[in-house]
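In the order they appear, the protein sequences are chains A and B. As numbered in the working numbering, the first sequence has no gaps in its residue numbers, which increase by one up to the final residue, 80. As numbered in the working numbering, the second sequence has no gaps in its residue numbers, which increase by one up to the final residue, 241. Heads up, the beta-carbon is just placed ideally off N, CA and C, and yes, glycines get one too. Just so you know, these numbers come straight off a predicted model, no measurement behind them.
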Amino acid sequence: MSRIIQWTLLIFTMMSGNQSFAQDVEMADGFRGDGKIYVVVAVVLLILIGLFAYLVFLDRRLKKLESERNGGEE
Amino acid sequence: MEYFIKTSWWKWLALGLLVYTVIGGFLFDVPRLPILNETVRVLHFHVPMWFGMILLFIGAAIFSVRYLLTQDLKYDLYSKELIETGFFLGILGLATGMLWANFTWGEPWSNDPKQNSTAIGMLLYFAYMILRGSITDDHQRGRIAAVYNILAFFMLIALLFIIPRMTDSLHPGNGGNPGFNVYDLDSDLRMVFYPAILGWTLLGLWIATIKVRISKLNLL
Numbered sequence: 007m008s009r010i011i012q013w014t015l016l017i018f019t020m021m022s023g024n025q026s027f028a029q030d031v032e033m034a035d036g037f038r039g040d041g042k043i044y045v046v047v048a049v050v051l052l053i054l055i056g057l058f059a060y061l062v063f064l065d066r067r068l069k070k071l072e073s074e075r076n077g078g079e080e
Numbered sequence: 022m023e024y025f026i027k028t029s030w031w032k033w034l035a036l037g038l039l040v041y042t043v044i045g046g047f048l049f050d051v052p053r054l055p056i057l058n059e060t061v062r063v064l065h066f067h068v069p070m071w072f073g074m075i076l077l078f079i080g081a082a083i084f085s086v087r088y089l090l091t092q093d094l095k096y097d098l099y100s101k102e103l104i105e106t107g108f109f110l111g112i113l114g115l116a117t118g119m120l121w122a123n124f125t126w127g128e129p130w131s132n133d134p135k136q137n138s139t140a141i142g143m144l145l146y147f148a149y150m151i152l153r154g155s156i157t158d159d160h161q162r163g164r165i166a167a168v169y170n171i172l173a174f175f176m177l178i179a180l181l182f183i184i185p186r187m188t189d190s191l192h193p194g195n196g197g198n199p200g201f202n203v204y205d206l207d208s209d210l211r212m213v214f215y216p217a218i219l220g221w222t223l224l225g226l227w228i229a230t231i232k233v234r235i236s237k238l239n240l241l
């Protein structure tokens, strides 16, 4: 029983310790505050959408080839 | 696979999920952790490469079993294209992992058990491609490739999910190292991570279906 209490206490101190520690961790808050993160998001989104558009283009071209091939057979 | 070749609604789902991944992955709150700092966001881009690879390899293993049951060559083709696409995702996973490790673990390759066993697993699948490419008879190639692929898949499971857990590893969730569920108390990461897995996997699947269709055009 006392062991369980010891463990719970240990876990709680670890958790609370973690939480106070977590606030001190250096993150890119200034960068975010400036709003420059939106530039990063916009660039990556542009690349992603460009890639998808290219895949759609390839997909359509392939579909055309397939229908030509199937049309020739029938 | 036929279903994914015929339909395309899931391609738009992939786009939506990945747009969400980029926006959520960069803008949502993440746990503030030492050493990782903002790079914890790489979770949404590096780890889904591996999940995507595994999921495509699972599909390939299923098609290998179906090939052995039916002797239908199309299943052999599905297996091959899924493995090639999965392998590509694996290379991206390895490259992004090394880049990430350079800044968090101090060096790109620290002989971490998961790194080493992943490299072995990738070589196993590389051997599949060489083995399959070296046989000219269609049905012999299909049979040998299918049997080898099933073996490689079980080896990969052992290499990725069993061996790294038996020793100390730098990777989270291995060797007494906690996974992200310990840090991510508010599920901030999960909200993006799971959609990211599905999105990246579907993108891989899309590429695989395009490869299958090209191969089919060449065969006819």
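With a 10 Å radius around its C-beta and 16 neighbouring C-beta atoms as the bar for buried, classify B:Ala35 as buried or exposed. buried
Contact with chain A by B:Trp121, beta-carbon distance below 8 Å: no
Tell me the DSSP secondary structure of B:Asp189 in three-state form. coil
Nearest residue (CA-CA) to B:Met143, options B:Asp158, B:Leu110, B:Ser155, B:Arg162: B:Leu110
Is there a Cβ from chain B that is less than 8 Å from the Cβ of A:Leu52? no
Taking B:Leu180 and B:Ile165 to be in contact with their CB atoms under 8 Å, please state how far apart those CB atoms are, rounded to whole angstroms. Actually they do not touch by this definition, with Cβ atoms about 22 Å apart.
Closest by C-alpha distance to B:Ile83, when choosing among B:Val168, B:Arg186, B:His192, B:Gly220: B:Val168
Give me the subset of the segment 57-69 of chain A whose CB atoms are less than 7 Å from a CB atom of chain B, sorted by chain position. Phe58, Leu61, Leu64, Asp65, Leu68
So, is the C-beta of B:Pro55 closer than 8 Å to a C-beta in chain A? Closer than 8 Å to the CB of B:Pro55 there is at least one CB belonging to chain A.
Please compile the residues from chain B whose C-beta is within a distance smaller than 8 Å of the C-beta of A:Val47. Val43, Ile44, Phe47, Leu48
Which first and last residues belong to the alpha helix (DSSP H) in which B:Ala173 is found? 159-178
Within 8 Å (strictly less), CB to CB, does B:Leu218 reach chain A? Correcting the residue identity first, residue 218 of chain B is Ile in this sequence and not Leu. Chain A contact via Cβ: absent.
Chain-order list of residues whose beta-carbon lies under 8 Å from that of B:Trp120 (same chain, five-residue window excluded): Residue 120 of chain B is actually Leu in this sequence, not Trp. Same-chain partners within the cutoff: Pro129.
Can you tell me the Cα-Cα spacing of B:Arg162 and B:Ile156, whole angstroms? 5 Å
Can you name the start and end residues of the alpha helix (DSSP H) that B:Pro134 belongs to? 134-154
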